[in-house]
Amino acid sequence: MQIQDERWRTGRFVNPRGRVIDQIGAADHLQPHHIRVYRVASGVIDEVDFYSYVINVLPNEWYGSWHAEALRAGAIAAKMYGWYRVYIAKYPGQGYDARDDTWDQVYKPNSAYPTTTAAVDFVNSVGIARADSAIFETQYHGGAYDASGQSSGRVSQWGTKYWADLGKDHLLMIHYYYDNSPNTNGQLAQTFAYTPNRSPLAPTHIEPANGALGISRAPTLRASAFSDPDVGDTHAQTWWEIRRARDNALMWDSGWQTATLTTTLVPIGILDDSTRYKWRARYLDSKGAWSEPAPTFAEFTTTFRALMPFVAR
Numbered sequence: 000m001q002i003q004d005e006r007w008r009t010g011r012f013v014n015p016r017g018r019v020i021d022q023i024g025a026a027d028h029l030q031p032h033h034i035r036v037y038r039v040a041s042g043v044i045d046e047v048d049f050y051s052y053v054i055n056v057l058p059n060e061w062y063g064s065w066h067a068e069a070l071r072a073g074a075i076a077a078k079m080y081g082w083y084r085v086y087i088a089k090y091p092g093q094g095y096d097a098r099d100d101t102w103d104q105v106y107k108p109n110s111a112y113p114t115t116t117a118a119v120d121f122v123n124s125v126g127i128a129r130a131d132s133a134i135f136e137t138q139y140h141g142g143a144y145d146a147s148g149q150s151s152g153r154v155s156q157w158g159t160k161y162w163a164d165l166g167k168d169h170l171l172m173i174h175y176y177y178d179n180s181p182n183t184n185g186q187l188a189q190t191f192a193y194t195p196n197r198s199p200l201a202p203t204h205i206e207p208a209n210g211a212l213g214i215s216r217a218p219t220l221r222a223s224a225f226s227d228p229d230v231g232d233t234h235a236q237t238w239w240e241i242r243r244a245r246d247n248a249l250m251w252d253s254g255w256q257t258a259t260l261t262t263t264l265v266p267i268g269i270l271d272d273s274t275r276y277k278w279r280a281r282y283l284d285s286k287g288a289w290s291e292p293a294p295t296f297a298e299f300t301t302t303f304r305a306l307m308p309f310v311a312r
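Here it is in structure tokens:
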């Protein structure tokens with residue numbers, strides 16, 4: 000199969016009537032706010048902000064030194080793979096959406112790299128779907144530095160470098176590997192535009208401060224002011240959590256609260272005297288994205304209440 004000249008030049012698909020149909024609307028395609036990642040080495044399931052997930056996957060799957068167009072193709076493939084896994088379960092009943100290894104995509108926290116993050120940002124409002132608007136599994140593999148793999152349904156990582164070195168753009172690469180492939184059910188791949196909703200910043204602890212002593216058994220918790228990178232997003236709800244420090248036992252889970260968003264009063268009867276506890280909060284914005292919890296707990300110790308002496312009568 001030969002790629003049409005117009006699409007080879009621009010990366011856009013033109014139908015027989017001459018209308019560009021590469022960009023299609025898909026209002027029901029909502030980018031996930033978070034993805035549940037199974038950390039294979041530790042056996043822990045982390046709930047990760049979706050944007051953070053993608054920028055910490057791409058540098059582990061594509062070389063950051065490669066041409067920007069190769070990285071952009073990789074960014075779309077990696078993003079939409081995670082997106083698909085959130086909506087279409089690969090591990091039903093296991094409590095997670097993707098593993099952090101090559102069974103899915105290699106995810107390493109704090110591995111984001113400037114050039115790969117720039118590629119993710121460049122395509123941050125672009126998704127990919129089949130011609131019938133259904134999202135699909137955007138597979139990719141190492142491949143070879145050549146033109147092999149057309150319509151295979153798997154982007155060749157080395158193939159993206161090959162095409163980028165020839166001056167081709169990321170949309171051409173996406174179409175080259177996914178159009179008329181098993182993954183698209185033999186359909187053309189088409190992009191859709193969406194507005195990403197970034198998560199609020201994780202709140203920090205203010206009161207009780209970490210290490211505080213002599214705290215009431217019904218304390219007021221206070222966290223930092225709400226902050227969101229998206230203009231116009233407001234603070235909608237807050238979730239609070241208190242655990243006993245010595246054994247991590249959950250003592251109080253507030254659920255999502257819609258009032259007094261940066262402070263809350265812990266109910267009486269939950270905490271004991273002379274006991275060390277730890278707390279943290281989490282924020283939800285008005286468009287449905289929630290922050291990561293505060294990165295660490297703040298610990299505090301409740302006040303000591305001396306027992307009344309027994310007096311014989």
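Letter by letter, the sequence shown follows residues 0 to 312 of numbering that gives the first Met the number 0.
Cβ coordinates follow ideal geometry from the N, Cα and C atoms, glycine included.
Among the residues of its own chain, which have a CB less than 6 Å from the CB of residue i, if the five just before and after it don't count?
i      : result
LYS160 : TRP65 and ALA69
THR257 : GLN236
ARG279 : GLU240, PRO292, ALA293 and PHE296
GLU46  : HIS33 and ARG35
GLN186 : ARG129 and ALA130
Can you tell me the Cα-Cα spacing of residue i and residue j, whole angstroms?
i      : j      : result
GLY94  : VAL85  : 11 Å
THR263 : PRO218 : 8 Å
LYS286 : GLY63  : 32 Å
TYR52  : ILE34  : 8 Å
TRP82  : PRO31  : 6 Å
ASP168 : TYR282 : 39 Å
ALA118 : ASP252 : 39 Å
ASP164 : ARG98  : 32 Å
THR101 : LEU57  : 13 Å
ASP21  : ARG245 : Confidence at ASP21 is low in this model, with a pLDDT of 39, below 50, so the placement of that residue is unreliable and no value is reported for it.
ALA288 : ASP96  : 18 Å
THR301 : ILE205 : 16 Å
LEU29  : TYR193 : 7 Å
Spatial neighbours of residue i within its chain, please: CB distance less than 8 Å, with the 5 preceding and 5 following residues excluded, ordered by chain position.
i     : result
ARG18 : Here ARG18 scores only 38 on pLDDT, less than 50, and its place in the model should not be relied on; the value that follows carries that caveat. Taken in chain order, the list of residues that qualify is empty.
Among the options, which has the Cα closest to the Cα of residue i?
i      : options                           : result
PRO266 : ARG216, THR295, ARG245 and ASP227 : ARG216
ASP120 : ALA97, GLY81 and ILE75            : ILE75
GLY73  : TYR139, VAL47 and ASN109          : TYR139
VAL230 : PRO199, ALA222 and THR259         : PRO199
ALA77  : ASN59, TYR175 and ALA146          : ASN59
ASN123 : THR115, TRP289 and ALA130         : THR115
PRO228 : ALA201, ASP99, LEU220 and SER147  : ALA201
THR259 : SER150, LYS277, ALA222 and THR183 : ALA222
TYR197 : ALA143, THR233, TRP162 and ASP178 : Here the sequence assigns Arg to residue 197, which means Tyr is not the residue at that position. Considering only alpha carbons, the answer is THR233.
PHE225 : PRO207, GLY210, THR203 and GLY213 : THR203
Looking at the unbroken alpha helix (DSSP H) that takes in residue i, where does it start and where does it end?
i     : result
PHE49 : 49-54
CB-CB under 7 Å to residue i, same chain, minus the five flanking residues each way: which ones, in chain order?
i      : result
GLY141 : GLN156 and TRP157
ALA133 : none
Which whole-angstrom value is the C-beta distance of residue i and residue j, which I expect to be below 8 Å?
i      : j      : result
VAL105 : THR190 : Contact flag wrong, Cβ pair sits at about 25 Å.
TYR276 : PHE299 : 6 Å
Hey, quick one: how far does the beta strand (DSSP E) through residue i stretch, first residue to last?
i      : result
ALA201 : ALA201 -> no beta strand (DSSP E), and no H or E assigned at all.
ILE127 : 125-129
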